[in-house]
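Using my numbering, the first residue of the sequence shown is number 5, and each one after it goes up by one. Even glycine gets a Cβ: it sits at the ideal position worked out from N, Cα and C. It should be emphasised that the depicted structure is a prediction, and the values quoted were computed from it without experimental measurement.
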Amino acid sequence: MPTKSICIKGKLVELSAPLVMGIVNVTPDSFFEGSRKQTEEEIVQRCRQIVEEGGAIIDVGAQSTNPHSEWLTAPQEAARLMPALRLIRKEFPDAVLSVDTFYADVARQAVEEYGADIINDVSGGQIDADMFATAAALNVPYILMHMRGVPQTMQQHTDYEHFIQELIYYFSEKKAQLDQLGVNDIIIDPGFGFSKTLNQNYELMAYLKYFNIFDAPVLVGISRKSMISRLLDVSPEESLNGTSVLHTYSLLCGADILRVHDVKEAVECVRIISKIKEFTK
Numbered sequence: 005m006p007t008k009s010i011c012i013k014g015k016l017v018e019l020s021a022p023l024v025m026g027i028v029n030v031t032p033d034s035f036f037e038g039s040r041k042q043t044e045e046e047i048v049q050r051c052r053q054i055v056e057e058g059g060a061i062i063d064v065g066a067q068s069t070n071p072h073s074e075w076l077t078a079p080q081e082a083a084r085l086m087p088a089l090r091l092i093r094k095e096f097p098d099a100v101l102s103v104d105t106f107y108a109d110v111a112r113q114a115v116e117e118y119g120a121d122i123i124n125d126v127s128g129g130q131i132d133a134d135m136f137a138t139a140a141a142l143n144v145p146y147i148l149m150h151m152r153g154v155p156q157t158m159q160q161h162t163d164y165e166h167f168i169q170e171l172i173y174y175f176s177e178k179k180a181q182l183d184q185l186g187v188n189d190i191i192i193d194p195g196f197g198f199s200k201t202l203n204q205n206y207e208l209m210a211y212l213k214y215f216n217i218f219d220a221p222v223l224v225g226i227s228r229k230s231m232i233s234r235l236l237d238v239s240p241e242e243s244l245n246g247t248s249v250l251h252t253y254s255l256l257c258g259a260d261i262l263r264v265h266d267v268k269e270a271v272e273c274v275r276i277i278s279k280i281k282e283f284t285k
């Protein structure tokens, strides 16, 4: 399989070695307490940790996708997100920033005013109809995730007739729309934990390699999610070992980007699997 790549800051980034994306949640209600950063000092400290531990991308979000969290409007989300982006860009001018939003206006402001480099949209363009066209106009990589409904209702939409086939069809259809609009760099995120039961999450992991058919980078976001804590009967705080196991399996299946809370441990997974793969080429 040819090496995948994405264009970031006008430079072609080859994904011969997978990248680690560190999570910064400027929210009071994200499911993993350790990811919540609200003061300026906490935000800067977290970003510095991501960079020093080998994270290639900083993913900043201001709206929790926890089904029990409040729904923020675009202006509310922007009011929470933009000061954080301003601060991060000032302190880390060369950092690759991903903005986690499903609002086109928020994405546009983040890219145009604060130099965000990637749009990470958990809704796959379903919440804001302008998102695909906005991503095309901004000419930045777009993370296309699978979810049914909205975060508050997504777990009511887990009834699939042919689960994996329906996800493949979803990405085929959405990617064709993005291609037609001129979005050059599309990243596929199968959406672990979104509109999926516990068993469906593990079925998705078992068939993860099939999502390489799109010749697009595949992002996996399973860090400390309930698919781990529920199976092992542990808390999110106790889910690091399970997370590393799934990261390892994801890398063996061809994952190109890991979206994580624990950067150091994820980078170690990447280094070990990359070393093993040197002898299987």
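Coil, strand or helix - residue i by DSSP
i	result
N70	coil
I190	strand
I59	With the sequence shown as reference, residue 59 is identified as Gly, and Ile is not the correct amino acid for it. Note: G59 maps to coil in three-state DSSP.
M209	helix
R263	strand
N143	coil
V222	strand
K200	coil
D109	helix
D104	strand
L23	strand
V274	helix
P6	coil
T284	coil
I122	strand
M151	coil
Of the residues the options, the one placed nearest residue i, counting alpha carbons only
i	options	result
P155	A139, V100, P22, S73	S73
N188	V100, A139, S233	A139
P32	S9, N70, L23	N70
L148	A133, D193, D183	D193
Q130	Y146, Q160, H150	H150
P240	R228, G246, Q67	R228
D134	C11, A111, V55, F175	A111
H166	V274, Q184, Y174	Y174
N205	V224, Q113, A220, M86	V224
I12	T43, S102, G65	S102
Q42	G58, A66, Y118	A66
K15	N143, S278, T284, D183	N143
D98	P79, D125, C51, Q80	C51
Close Cβ partners of residue i (< 7 angstroms) along its chain, the five nearest in sequence each way excluded
i	result
C257	L212, K213
Q181	F136
S230	G197
S39	Because the pLDDT at S39 is just 46, under 50, the model does not fix this residue reliably, and the point stays unresolved.
L202	M231, R234, L235
E170	Y164
I54	G26, I62, V267
C273	S248, H251, T252, L255
P22	L255, A259, D260, I261, L262, V274
V222	I192, F215, N216, G258, A259, D260
I190	Y146, L148, K179, L182, A220
Same chain, Cβ closer than 6 angstroms to residue i, neighbours up to 5 away in sequence not counted
i	result
G186	A140
T7	E18, S20
G195	M149, H150, M151
G59	V24, G26, V267
Whole-angstrom C-beta distance between residue j and residue i, which should lie under 8 angstroms
i	j	result
G153	S199	6 angstroms
V100	I62	7 angstroms
F215	K179	With 8 angstroms as the limit, F215 and K179 do not qualify as a contact, their Cβ atoms being about 11 angstroms apart.
P145	I172	At roughly 21 angstroms, the Cβ-Cβ gap does not stay under 8 angstroms, so P145 and I172 are not in contact.
L262	M25	7 angstroms
V271	E57	6 angstroms
Chain-order list of residues whose beta-carbon lies under 8 angstroms from that of residue i (same chain, five-residue window excluded)
i	result
M86	Q113, A114, E117, Y118
H161	R152, G153, S199
Legend entry - Cβ contact (3+ pairs, closer than 8 angstroms) linking the stretch 243-263 and the stretch 207-223: yes
Inset, instruction - Would you be able to state if there are at least three C-beta pairs under 8 angstroms between the stretch 92-106 and the stretch 44-64? - result: yes
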